[in-house]
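Protein chains in written order, with my numbering: chain A, 1277 to 1707; chain X, 177 to 331.
Quick reminder that beta carbons are idealized off the backbone N, C-alpha and C, glycines included.
All values reported here derive from a predicted model rather than from experimental measurement.
Only one structure is covered here, and it is reproduced in the block below.
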Amino acid sequence: MAETLYESVICPSCGCLCDDIDVVVADNKVKSIRNVCQWGINKFFFTKKFTSTVKRGRVERPMVRENNLVETDYETAVSRAVDILKRSRKPLVYGLTNSGYYAQNVALDIARVLKGWFEPRKAVLLSPYYSAMENSGFYIAPLDEVRNSADVIVYWGCNPVHSTPKHLARYSLYPRGRCKERGNLDRVVFTVDVAENELVRMSRKYLLVEPGADFIAMETMIKLLRNEKVEDYEGDIAAIQDMVQYMARSAYGAIFFGLGLSRNGNAVRNVETLMALVKELNRKTRFVIIPLYDDFNTNGAMQLLLRELGSPVPADFSCDHPADHGMPTLLENLHEIDAALVVGEDPFWSMPSEQSDLLKKIPIILIDPFWTRTTNKCQVVFPTAITGVEAEGIAYRMDGLPLKLRKVLETDYPSDEVILDDIYQRLSESF
Amino acid sequence: MAKLSMYQLQKYLPKTDCKKCGFSCLGFANHLISRDVRPEDCPILLEPGYSESLAKLNELLGPGLDFEKEVTGLLIEPEKCNGCGICVVVCEINLEKSQEVESGRGPRFKDDVVLRIDNGRIKLVDPQSCRRADPSDYICRACVELCPTTAISLV
Ligand code: SF4
Ligand code: SF4
Ligand code: SF4
Ligand code: SF4
């Protein structure tokens, strides 16, 4: 049995897009793999996230709903999908954070011709971040620069040990860099979250906040940085003072934040306040801020929106100005939607039930390699190749670096890009 | 204990490269060193006529599963590990043996290191190169102290 070694493959699992993965393939199966974490390995062995012994069921053939889902051929599935989308007044195109950049691009075009709503997963959290970046300065840097220079690392509302496991070793605290030759000995970490996690042992200070109330700590820090009086902070003010002093005195800092900031529906306020804090810090020193993405190409989707519409918010193509609708979240929009095209995402698992209940009432077209909670609720289901393992693609790392994903396994499944493109071609013929 | 080489072990293997073990004989020797296989996993060695080689291999390899613990005093529980790579990056011996490790990358395929992430979890591939294996060396515990999931501890 011939073995092929693919070196320095990029892992298509989280926004770290680690580029040091060595994969040994034999008989068109991954035989062994090095340098990939427990989260990433599942992409290569088709197993469940963090339980790499449990296989995930792949969708074998395209399916359409008669009374139940029945297998069909690809052409029939495409026709059915196109019919549903053509009949819809305002379809939703959703997910796409596990797709390559070109697939995202075609999906956006589909939303555009159909006058629909285009929303990448997690836009709720990220739109305010990108908007603030646009308004208040571009506080981002390549991760290599962070590795070379950062002496303060802050994790806010995220636990990299779970969401982006190799982040600490590869990009933030532990790697050695040009000005940080001793790695973790030359840096300090601060963590802010609602409960203690594995970072406690690594952090100089671990600041606990009430769920969703991160902005109060941020506002307090801003006041301290401006030498204003703080009288009313109810939490651990000593930790905040220490953190502020340290950050202000550092030469270069990096803040990484995650989904924790969206607790209690406070995503926008929290992220905007955090951006204000970063702006304030940049009056004294250099600080960058980068979100931790747990899907590998969330950043690609946001970059696409910025490039195509000039604004990093979900796009509503039923208005004249698709980016100017003032409705940041899906929920406020979902009752207008009468069909959905979902790509690489499992809304019946990830959305709160008030949102997914609305989805239950409309026809859904799903493109996903695996069976999920959503599969059985769909009208049309397309199996697809896994981008970065069975299909090539472009993905944007969390710091905005575009990387070319490779293909290490052969498959008969079409990539999501091909499926989306076939749907798009058929749609544009009829408009 | 002197460091074993795969050529040294290969001498006692049947050298037929029949691949019944899933590797070539040399490959099998390499896996013997990292203790993922035992000499008994080669079906040919179990045939009559190879008993001396089998005994010799077992003698060279020592007491099997407890080997890494005995040499290093490190207790590794891979099922706790999430493959974060922190231990791989902080281990000074890894750093000596692989340039990649300096910038936080995993070692290259050809690099012989002490610790490595194999199939998503930690593996002590070369216990004899760990600093703890040499009693005269400074007693290192970097990987133990910095592992966020307590997958590495001291016996
Ligand atoms: S940290 Fe992310 S990109 Fe890196 S190996 Fe793990 S899942 Fe893959
Ligand atoms: S089974 Fe034994 S003889 Fe055959 S290749 Fe493996 S080590 Fe060599
Ligand atoms: S004890 Fe020290 S030398 Fe041994 S594996 Fe751990 S970090 Fe490396
Ligand atoms: S043993 Fe610990 S430090 Fe090493 S990779 Fe596993 S979890 Fe990370």
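- Task: Tell me whether M177 of chain X is buried or exposed, calling it buried when 16 or more other Cβ atoms sit within 10 Å of its Cβ.
- Result: In the second sequence, counting from the first residue as 1, residue 177 of chain X sits at position 1. Below a pLDDT of 50, predicted positions are generally treated as unreliable, and M177 of chain X, at 45, falls in that range; no measurement from the model is reported.
- Query: Is DSSP giving M177 of chain X helix, strand or coil here?
  - Reply: Residue numbering aside, residue 177 of chain X sits at position 1 when the second sequence is read from its first letter. Only weak support exists for where M177 of chain X lies, its pLDDT of 45 falling under 50; the value from the coordinates is given anyway. Collapsing the DSSP output to three states places M177 of chain X in coil.
- Who sits around ligand 2, taking every residue whose Cβ is closer than 7 Å to one of its heavy atoms? Checking every Cβ against the heavy atoms of ligand 2 under 7 Å gives X:L189, X:P190, X:K191, X:T192, X:D193, X:C194, X:K195, X:K196, X:C197, X:F199, X:S200, X:C201, X:F204, X:C218, X:P219, X:I220, X:L221.
- My guess is that A318 of chain X and C267 of chain X are in contact by the Cβ rule of under 8 Å, so how many angstroms apart are they, rounded? Counted from its first residue, the second sequence places residue 318 of chain X at position 142. Counted from its first residue, the second sequence places residue 267 of chain X at position 91. At roughly 6 Å, the Cβ-Cβ gap stays under 8 Å, so A318 of chain X and C267 of chain X are in contact.
- Query: If you count every other CB in all the chains shown that lies within 10 Å of the CB of E1457 of chain A, and 16 or more means buried, which is it?
  - Reply: What you label residue 1457 of chain A is simply residue 181 of the first sequence in a count that begins at 1. Its Cβ having fewer than 16 others within 10 Å, E1457 of chain A is exposed.
- Query: Quick one, which of A:Y1406, A:S1355, A:L1444 has its alpha-carbon nearest G259 of chain X's?
  - Reply: The residue labelled residue 259 of chain X in the question sits at position 83 within the second sequence. Ranking A:Y1406, A:S1355, A:L1444 by Cα distance to G259 of chain X puts A:L1444 first.
- Item | Backbone CA spacing between I1498 of chain A and P1436 of chain A [nearest angstrom] | Translated into positions along the first sequence, residue 1498 of chain A becomes position 222. Translated into positions along the first sequence, residue 1436 of chain A becomes position 160. If I take the Cα positions, the gap works out to 25 Å.
- Would you call K187 of chain X buried or exposed, if buried means 16 or more other Cβ atoms sit within 10 Å of its Cβ? The count along the second sequence starts at 1 and reaches residue 187 of chain X at position 11. The residue in question, K187 of chain X, is exposed, as its Cβ has fewer than 16 Cβ neighbours within 10 Å.
- Under the criterion of a Cβ to heavy atom distance below 7 Å, does T325 of chain X qualify as lining ligand 4? As a working note, residue 325 of chain X is residue 149 in the second sequence. Set against 7 Å, the gap from the CB of T325 of chain X to the closest heavy atom of ligand 4 is smaller.
- Query: So, using beta-carbon positions, are L1580 of chain A and N1411 of chain A closer together than 8 Å?
  - Reply: As a working note, residue 1580 of chain A is residue 304 in the first sequence. As a working note, residue 1411 of chain A is residue 135 in the first sequence. With contacts defined by Cβ atoms closer than 8 Å, L1580 of chain A and N1411 of chain A do not form a contacting pair.
- Item | Continuous alpha helix (DSSP H) stretch holding L1500 of chain A: start and end | By one-based count along the first sequence, residue 1500 of chain A stands at place 224. L1500 of chain A -> alpha helix (DSSP H) spans 1490 to 1501.
- Is the beta carbon of G261 of chain X within less than 7 Å of some heavy atom of ligand 4? Position 85 of the second sequence, counted from the start, is the residue given in the question as residue 261 of chain X. Yes.
- Task: Check the Cβ of V265 of chain X against every Cβ in chain A and list those closer than 8 Å, keeping chain order.
- Result: Mapped onto the second sequence, residue 265 of chain X falls at position 89. Chain A residues near V265 of chain X: A1445, R1446, Y1450, P1451, G1459.
- Query: Three-state secondary structure (DSSP) at F1532 of chain A?
  - Reply: In the first sequence, counting from the first residue as 1, residue 1532 of chain A sits at position 256. Under the three-state reduction of DSSP, F1532 of chain A is assigned to strand.
- Any residues in the stretch 1412 to 1432 of chain A with a beta carbon nearer than 7 Å to a beta carbon of chain X? Which ones, in chain order? For the stretch 1412 to 1432 of chain A, residues whose beta-carbon sits nearer than 7 Å to a beta-carbon of chain X comprise R1423.
- Looking only at its own chain, which residues have a Cβ that is under 6 Å from the Cβ of S1594 of chain A, when we skip the five neighbours before and after it? Translated into positions along the first sequence, residue 1594 of chain A becomes position 318. Excluding sequence neighbours, S1594 of chain A sits near K1366, K1391.
- Message: Quick check on F1466 of chain A: buried or exposed, where buried means 16 or more other Cβ atoms within 10 Å of its Cβ?
- Response: Working through the first sequence from its first residue, we reach residue 1466 of chain A at position 190. Per the 10 Å Cβ criterion, buried.
- Item | Own chain residues within Cβ distance below 8 Å of F1646 of chain A, not counting five before or after | To locate residue 1646 of chain A, count along the first sequence from 1; it is residue 370. Closer than 8 Å at the Cβ level, and outside the excluded window around F1646 of chain A, lie F1322, R1332, G1333, R1334, V1335.
- Task: Taking T1373 of chain A as part of the beta strand (DSSP E), name the residues at either end of that continuous run.
- Result: The residue given as residue 1373 of chain A occupies position 97 in the first sequence. Taken as a continuous stretch (DSSP letters only), T1373 of chain A belongs to no beta strand (DSSP E), as it is neither H nor E.
- Is the shortest distance between the beta-carbon of D1570 of chain A and the beta-carbons of chain X less than 8 Å? Sequence index remark: in the first sequence, residue 1570 of chain A carries index 294 (1-based). Chain X contact via Cβ: absent.
- Query: Is the stretch 1636 to 1644 of chain A close to the stretch 1612 to 1620 of chain A, with three or more CB pairs under 8 Å?
  - Reply: Touching, yes, given that three or more Cβ pairs across the two stretches are closer than 8 Å.
- Message: Quick check on D294 of chain X - is its C-beta less than 8 Å from some C-beta in chain A?
- Response: Taking the first residue of the second sequence as position 1, residue 294 of chain X is located at position 118. Chain A, which has a Cβ nearer than 8 Å to the Cβ of D294 of chain X, makes this yes.
- Item | Contact test: C1287 of chain A Cβ vs ligand 5 heavy atom, cutoff 7 Å | Absence of ligand 5 from the depicted structure is noted, with ligand 1, ligand 2, ligand 3 and ligand 4 being the only ligands included.
- Message: For W1432 of chain A, list the residues DSSP reports as bridge partners.
- Response: Locating residue 1432 of chain A in the first sequence gives position 156, where the first residue counts as 1. DSSP lists A:V1468, A:F1533 as the bridge partner or partners of W1432 of chain A.
- Item | Inter-stretch contact (C-beta, 8 Å, three-pair minimum) for the stretch 1539 to 1550 of chain A and the stretch 1353 to 1360 of chain A | Cβ pair count under 8 Å is below three, so no.
- What number of angstroms, rounded off, separates the C-alpha of P1598 of chain A from the C-alpha of C1455 of chain A? In the first sequence, residue 1598 of chain A corresponds to position 322, counting from 1. In the first sequence, residue 1455 of chain A corresponds to position 179, counting from 1. In a straight line, the C-alpha of P1598 of chain A is about 45 Å away from that of C1455 of chain A.
- Message: Just checking: is the beta-carbon of P150 of chain X within a distance shorter than 8 Å of some beta-carbon in chain A?
- Response: Any question about residue 150 of chain X goes unanswered here, given that chain X covers just 177 to 331.
- Item | Environment of W1315 of chain A [buried if 16+ CB atoms lie within 10 Å] | The sequence position of residue 1315 of chain A within the first sequence is 39, counting from 1. Buried, because 16 or more other Cβ atoms sit within 10 Å of the Cβ of W1315 of chain A.
- Pull up the distance between the alpha-carbon of Y1700 of chain A and that of R1525 of chain A, whole angstroms please. Counting from one through the first sequence, the residue named residue 1700 of chain A turns up at place 424. Counting from one through the first sequence, the residue named residue 1525 of chain A turns up at place 249. Inter-residue distance for Y1700 of chain A and R1525 of chain A is about 53 Å (C-alpha atoms, whole angstroms).
- Item | Span separating the alpha-carbon of F1320 of chain A from that of V1506 of chain A | Sequence index remark: in the first sequence, residue 1320 of chain A carries index 44 (1-based). Sequence index remark: in the first sequence, residue 1506 of chain A carries index 230 (1-based). So the two alpha carbons sit approximately 51 Å from each other.
- Mind listing the chain X neighbours of P1288 of chain A? Cutoff is C-beta to C-beta under 8 Å, in chain order. For the purposes of this step, residue 1288 of chain A is taken as residue 12 along the first sequence, with counting starting at 1. In chain order: nothing, as chain X lies at least about 15 Å away.
- Query: Mind checking whether L1696 of chain A and A1417 of chain A have CB atoms under 8 Å apart?
  - Reply: To locate residue 1696 of chain A, count along the first sequence from 1; it is residue 420. To locate residue 1417 of chain A, count along the first sequence from 1; it is residue 141. Cβ atoms of L1696 of chain A and A1417 of chain A: not closer than 8 Å.
- Check: L1679 of chain A C-beta below 7 Å from any heavy atom of ligand 1: Numbered from its first residue, the first sequence carries residue 1679 of chain A at position 403. No, Cβ of L1679 of chain A sits at least 7 Å from all heavy atoms of ligand 1.
- Task: Look up P1338 of chain A in the DSSP assignment and say whether it is helix, strand or coil.
- Result: The residue given as residue 1338 of chain A occupies position 62 in the first sequence. Residue state, collapsed to three classes: coil.
- What separation, rounded to the nearest whole angstrom, lies between the Cα atoms of K1560 of chain A and L1634 of chain A? Taking the first residue of the first sequence as 1, we reach residue 1560 of chain A at position 284. Taking the first residue of the first sequence as 1, we reach residue 1634 of chain A at position 358. Rounded to the nearest angstrom, the two C-alpha atoms are 48 Å apart.
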